[in-house]
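Quick mapping for you: the protein sequence lines, in order, are chains B and S. Under this note's numbering, the first residue of the first sequence carries the number 1, and numbering increases by one thereafter. Under this note's numbering, the first residue of the second sequence carries the number 1, and numbering increases by one thereafter. Step one of this worksheet: look at the structure below.
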Amino acid sequence: MFKQSIGKKSNRVKNTVERGAVKKFAESIGDPHPVFIDDVAFSRNIAPPTFPRVFDYGEIEGLDLPKKGLIHGEQNYHYERPLFVGEEILCFAEVEDYYERSGKSGDMGFLKVKRYGEDLEGQLIFSEEQVVIITEAVRKEMRV
Amino acid sequence: MSALDELQTGDKLETITLPPVSRIDLIKYAGASGDYNPIHTIDEEAEKAGLPGVIAHGMWTMGNLAKLFTPFYEHGFIQDYSIRFKGMVFLNDVITLHAEVENNDKEQAAFHVRAENQKGKAVIEGQVVFSKREIKAVTY
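Dropping the structure here:
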């Protein structure tokens, strides 16, 4: 069950805010602004706020999410400062909560996963919280 | 004083209308984000999931909505960005991006944000808090 995963964390994984990845990402959301991609006009570039999608946060032991059938309910980002292109960061994830509610289409499971990005000294740069809705049909298939 | 400081509660940022959503937009986002869930790119997979056709990644729409604030980056950064996904975005939908000032003080400006489809229905909705702490590195 997902409830057993509450509080479980992944090990930290080192990620680089790669210049090419930031450019490709900014273009894919139709926002190729110089602040993200032009390193001549800017002494340093930053990454778009939703860029942390691309990082590796490691595996949370025992948390096996299906690849299909999940509904993304909510997404929240908090930044202490923007991410700089080229910097190295440490990322990890944590299961924050899981609960079930009955709805029109059966029992729905709500899984809250929190992800973090820190600098190499362990200072928080950003955190993100994702709420994923797991429908009854999907849970049956997973036999959880 | 910057254009950001002049904004008052109830003021709206200039709306952006995106070109009709195309499959290539979603393929590009899949590649750039690493989210290869096939309901966003392959019709058969979307239909198997009970959808009438492929739907945009919610995060694609959320990523797009943030560009309303990109012109302000010389005055600060997005500190908090909170979104609820409310409706699906299909191919050829025309999405408009909206932001309205909730409050604005010395330290930060808060905006109610939403993306709407061509029927005026909100597909994502939430809040942006823009911090006016200038980032040293971002100078023109």
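Even glycine gets a Cβ: it sits at the ideal position worked out from N, Cα and C.
Cβ-based neighbour list, residue i, same chain, cut-off 8 Å, excluding 5 preceding and 5 following
| i | result |
| --- | --- |
| S:Thr-41 | Arg-23, Leu-26, Ile-27, Ala-30 and Val-54 |
| S:Tyr-140 | Residue confidence for S:Tyr-140 is low, a pLDDT of 46 falling below 50, so the modelled location carries little weight and cannot support an answer. |
| S:His-57 | Leu-26, Tyr-29, Ala-30, Ser-33, Asp-35, Asn-37 and His-40 |
| B:Glu-74 | Glu-129, Gln-130 and Val-131 |
| B:Val-22 | Phe-36, Ile-37, Asn-45, Ala-47, Pro-48, Phe-51 and Val-85 |
| B:Asn-15 | Phe-55, Asp-56, Glu-88, Ile-89, Leu-90, Cys-91 and Gly-117 |
Residue i - containing alpha helix (DSSP H), residue span
| i | result |
| --- | --- |
| B:Gly-20 | 19-28 |
| B:Ile-37 | 34-37 |
| S:Leu-4 | 3-6 |
Residue span of the beta strand (DSSP E) that contains residue i, given as start and end
| i | result |
| --- | --- |
| S:Ala-109 | 108-116 |
| B:Leu-90 | 88-103 |
| B:Gly-117 | 106-118 |
| B:Glu-128 | 124-134 |
| B:Lys-67 | Note, B:Lys-67: premise wrong, no beta strand (DSSP E); not H, not E. |
| S:Gln-127 | 122-131 |
| S:Lys-119 | Where S:Lys-119 is concerned, there is no enclosing beta strand (DSSP E), given that its DSSP letter is neither H nor E. |
| B:Lys-9 | Careful: B:Lys-9 lies outside any beta strand (DSSP E) and carries neither H nor E. |
| S:Thr-96 | 96-104 |
Among the options, nearest to residue i - alpha-carbon criterion
| i | options | result |
| --- | --- | --- |
| B:Lys-24 | B:Asp-38, B:Lys-14, B:Asn-11 and B:Ile-133 | B:Asp-38 |
| S:Pro-71 | B:Val-13, B:Arg-101 and B:Val-35 | B:Val-35 |
| S:Asn-117 | S:Ile-39, S:Ala-110 and S:Leu-65 | S:Leu-65 |
| S:Gly-10 | S:Asn-92, S:Asp-93 and S:Ala-110 | S:Ala-110 |
| B:Arg-53 | S:Trp-60, S:Lys-48, S:Glu-47 and S:Ala-49 | S:Trp-60 |
| S:Glu-134 | B:Pro-82, B:Ser-5 and B:Glu-18 | B:Pro-82 |
| B:Lys-3 | B:Gly-106, B:Val-17, B:Lys-14 and B:Asp-64 | B:Asp-64 |
| S:Ala-3 | S:Gly-76, S:Tyr-81, S:His-112 and S:Leu-51 | S:Gly-76 |
| B:Lys-104 | B:Tyr-79, B:Glu-136 and B:Glu-87 | B:Glu-136 |
| S:Phe-90 | S:Pro-20, S:Asp-5 and S:Glu-6 | S:Pro-20 |
| S:Glu-47 | B:Gly-69, B:His-33 and B:Gly-106 | B:Gly-69 |
| B:Glu-61 | B:Lys-8, B:Glu-80, B:Tyr-79 and B:Glu-96 | B:Lys-8 |
| S:Asn-103 | S:Glu-44, S:Ile-78, S:Phe-130 and S:Tyr-81 | S:Phe-130 |
| B:Ala-26 | S:Lys-119, S:Gly-63 and S:Ala-49 | S:Gly-63 |
| B:Ile-134 | B:Gly-30, B:Arg-19, B:His-33 and B:Tyr-99 | B:Tyr-99 |
| B:Glu-59 | B:Glu-121, B:Val-95, B:Arg-139 and B:His-33 | B:Val-95 |
| S:Asp-80 | S:Asp-5, S:Val-128 and S:Gly-50 | S:Val-128 |
| B:Arg-139 | B:Ile-71, B:Tyr-79 and B:Gly-122 | B:Ile-71 |
| B:Ile-6 | B:Gly-106, B:Asp-97 and B:His-78 | B:Asp-97 |
Residues near residue i in its chain [Cβ-Cβ closer than 7 Å; skip 5 each side]
| i | result |
| --- | --- |
| B:Glu-118 | Ile-89, Leu-90, Leu-124 and Ile-125 |
| B:Arg-57 | The question names Arg, but residue 57 of chain B in the sequence shown is Tyr. Answer for B:Tyr-57: Ser-10, Val-13, Cys-91, Phe-92, Ala-93 and Arg-115, listed in chain order. |
| S:Val-101 | Leu-7, Gln-8, Thr-9, Gly-10, Asp-11, Ala-109 and Phe-111 |
| B:Asn-76 | Glu-128 and Glu-129 |
Chain D residues whose Cβ lies nearer than 9 Å to that of residue i
| i | result |
| --- | --- |
| B:Phe-25 | Judged by its chain identifiers, the structure shown contains no chain D, and its protein chains are B and S. |
Own chain residues within Cβ distance below 6 Å of residue i, not counting five before or after
| i | result |
| --- | --- |
| S:Leu-68 | Leu-13, Leu-97 and Ala-99 |
| S:Ala-115 | Thr-61, Leu-65, Ile-95, Leu-97, Val-123 and Ile-124 |
Length at least 3, wholly inside the region 27-92 of chain S: the beta strand (DSSP E) runs in chain order: Counting only runs of 3+ residues, the beta strand (DSSP E) found wholly inside the region 27-92 of chain S occupies 77-85, in chain order.
Between the region 105-117 of chain B and the region 9-23 of chain S, do three or more beta carbon pairs fall short of 8 Å? Between the region 105-117 of chain B and the region 9-23 of chain S, the count of C-beta pairs closer than 8 Å stays below three; the two stretches do not touch.
Kindly confirm or deny that the region 74-86 of chain S and the region 120-130 of chain S touch, where touching means at least three C-beta pairs closer than 8 Å. Segments in contact, yes.
Taking contact to mean 3 or more Cβ pairs, one atom from each stretch, closer than 8 Å, check whether the region 85-93 of chain B and the region 86-104 of chain S are in contact. Contact fails: fewer than three Cβ-Cβ distances are below 8 Å.
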